[in-house]
Amino acid sequence: MSLHQRLQQKLKGKVEEALHAFEALVQKYPQSPRCRYGKAQAEDDVAEKLRSNEMLLKAVTTYREVAELPDTPADLIKATLKRCADRQQFLGRMRGSLATLEKLVHIFPDDITLKNDLGVAHLLIGDNKGAKGIYEEVLTVAPNDGFAKVHYGFILKSENKIAESIPYLREGLESGEPGTDDGRFYFHLGDALQRTGDVSQAYKWYEAGYQHGHFASVWQRSLYNVAGLRAQPWWSAKETGYTDLVRMLEQNWKIIRDEALLVLDAGSGQFLPEDENLRETGDWGQFTLWQQGRKVPSSCQSVPKTCAFMERYPETTTCKRGQIKFSVMQPGTHVWPHTGPTNCRLRMHLGLVIPPRGCQIRCTNQTRNWEEGKVLIFDDSFEHEVWQEADSYRLIFIVDVWHPELSQSQRHALSPI
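Written as structure tokens, this is what we have:
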């Protein structure tokens, strides 16, 4: 057992004492990779104990120093830089982590796991093109690598290459390799199968995702959830506890409608096309007033009465996991079956301009119609689908509210979506 290992064992759990001891060792043996690695680990441990980003940055610097020493063995370089990249990601320094992983791949060009990690680093900075190139390299030399397959399939799906993505996602999940059992891959494989018409296979994979603990149910497939919240597709106003909000919307629907129509008729470009690739066909525009709990002042200048109404209801204006927006859908629009990202909100639809027939919304296995001046309430973390087969446009007002069972402290602590 080496000196640094004996010291680690002796001081196990005494993180501050361990750090002081390794600092002294580094002073005495400045060229020793093991002593400096022990110092980095001790700084890492102290950072975790104190929840100190400043200390963690010191650990990152020390990990890098270990790898740069002239006599550091290859296995220690690999372990050190992998931990360094991981801690950089934890700190949100994604580009720094990417650079560290690029260095690792340069030193160890035949290590497939490192290349796979590098691909993830590209994805984390939104560089799908860079990630795609990495996974193509991996699959050239390791065509059965399940981790590379699911990530490559995920990228193809994001490029709307739906049919092409399916075999990579499916085979990657079937491999069972570490890093493949992720709810996002079950979600996107099922969605791709639905869009290509293989509904029975889609629900097979949704069921698998549920069995693996990624989905609350086959129908409720949101990925950013709070456990234990009441789960049902459709809600009444009374069940939500937001009866005052619903009453206000229904009493003032004509004022809200008229303000929206002024914006729509002006053709000012404030209604923006839906941009989440949810449409199979058609034209669907949205005009947002609040996003992630933040008011959009320029939008509210166009509909001041509507925004004044909404300001009185913090259950919606503070909902960091939702929006308040107008939605206009033209004839011939079909919105694919899909689920929202979180179970932390409920979604209200106030009918403003509703054609007499041809407009429907399905949530799970129940299909309903909008009515002018009436509010529909559903949980959009459940699968839902929309058809607009009327002869004229449909206009609604969408109001997201916090799930009523979330406490005030939970609402405050949850991250925006």
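Read left to right, the sequence shown gives residues 1 to 417 (the UniProt record's numbering). The beta carbon of each residue, even a glycine, is placed where N, CA and C say it ideally should be. Since this is a predicted model, take the numbers as computed values, not measurements.
- Looking at the structure shown, is Trp219 part of a helix, part of a strand, or coil, going by DSSP? coil
- Closer than 7 Å by C-beta to Glu259: which residues in its own chain qualify, once you throw out the five before and the five after it? Chain order, please. Val303, Lys305, Thr306
- Can you list, in chain order, the residues of its chain whose CB lies under 7 Å from that of Lys115, leaving out five sequence neighbours each side? Val105, Ile134, Glu137, Val138
- Using only the heavy atoms of the ligand FMN, determine whether one of them is closer than 7 Å to the beta carbon of Trp402. With respect to the ligand FMN, the structure shown offers nothing to examine, as it has no ligands at all.
- Message: For Ser52, which residues in the same chain have their Cβ closer than 8 Å to its Cβ, ignoring the five residues on either side in sequence?
- Response: Val46
- Among residues of its own chain, excluding the 5 on either side of Ser415, which ones have a beta-carbon nearer than 7 Å to its beta-carbon? none
- Task: Can you say whether Asp191 is buried or exposed, counting buried as having 16 or more other CB atoms within 10 angstroms of its CB?
- Result: buried
- Item | Alpha carbon of Tyr224 to alpha carbon of Ser381, nearest angstrom | 10 Å
- Task: Enumerate, from N- to C-terminal direction, the unbroken alpha helix (DSSP H) stretches of 4 or more residues contained entirely within the stretch 82-118.
- Result: 94-107
- Pick from Gln330, Arg195, Gly176, Pro356: whose alpha carbon is nearest that of Ser165? Arg195
- For Tyr29, three-class secondary structure by DSSP: coil
- Query: Between the stretch 327-346 and the stretch 267-284, do at least 3 Cβ pairs fall closer than 8 Å?
  - Reply: yes
- Relative to the C-alpha of His403, which residue among Lys132, Cys359, Thr240 is closest? Thr240
- Cβ-Cβ distance between Phe154 and Leu173 below 8 Å: no
- Item | As assigned by DSSP and simplified to three states, the class of Thr72 | coil
- Query: Does DSSP classify Tyr242 as helix, strand or coil?
  - Reply: coil
- In three-state DSSP terms, what is Lys295? strand
- Message: Tell me the residue span of the beta strand (DSSP E) that contains His188.
- Response: Element bounds for His188: not the beta strand (DSSP E) but the alpha helix (DSSP H), 183-195.
- Message: On the CB-based measure, 16 or more other CB atoms within 10 Å of its CB, does Val246 come out buried or exposed?
- Response: buried
- Message: To the nearest angstrom, how far is the alpha carbon of Asn144 from that of Pro167?
- Response: 12 Å
- Query: What did DSSP end up calling His214 once you bin it into helix, strand or coil?
  - Reply: coil
- Query: Roughly how many angstroms separate the alpha carbons of Asp265 and Glu315, rounded to a whole number?
  - Reply: 30 Å
- Message: By the three-class DSSP mapping on this structure, what secondary structure does Thr80 have?
- Response: helix
- Task: Please classify Ser97: is it buried, with 16 or more other beta-carbons within 10 angstroms of its beta-carbon, or exposed?
- Result: buried
- Query: Hey, out of Thr333, Cys344, Leu350, whose CA is closest to Cys359's CA?
  - Reply: Thr333
- Item | Buried or exposed by the 16-neighbour rule on C-beta atoms within 10 Å, applied to Gly269 | exposed
- Message: For the pair the stretch 229-236 and the stretch 407-414, tell me if three or more CB-CB distances fall below 8 Å.
- Response: no
- Query: In three-state DSSP terms, what is Cys319?
  - Reply: coil
- Item | Distance between beta carbons of Tyr152 and Lys132, contact taken as under 8 Å | 7 Å
- Query: Mind checking Gln301: buried by the 16 CB within 10 Å criterion, or exposed?
  - Reply: exposed
- Message: What does the alpha-carbon distance come out to for the pair Arg83 and Gln201?
- Response: 39 Å
- Closest by C-alpha distance to Gly294, when choosing among Ile77, Thr318, Gly209: A quick correction: the sequence has Arg, not Gly, at residue 294. Of the candidates Ile77, Thr318, Gly209, the one whose C-alpha sits nearest the C-alpha of Arg294 is Thr318.
- Quick one: Cα of Asp370 to Cα of Ile361, how far? A quick correction: the sequence has Trp, not Asp, at residue 370. Each residue's alpha carbon lies about 8 Å from the other.
- To the nearest angstrom, report how far apart Leu262 and Leu352 are at their CA atoms. 13 Å
- Task: Could you tell me which of Ala121, Ile112, Leu25 sits nearest to Arg95, measuring between CA atoms?
- Result: Ala121
- For my contact list, Val66 and Tyr37 are in at a C-beta cut-off of 8 Å; report their separation, rounded to the angstrom. 5 Å
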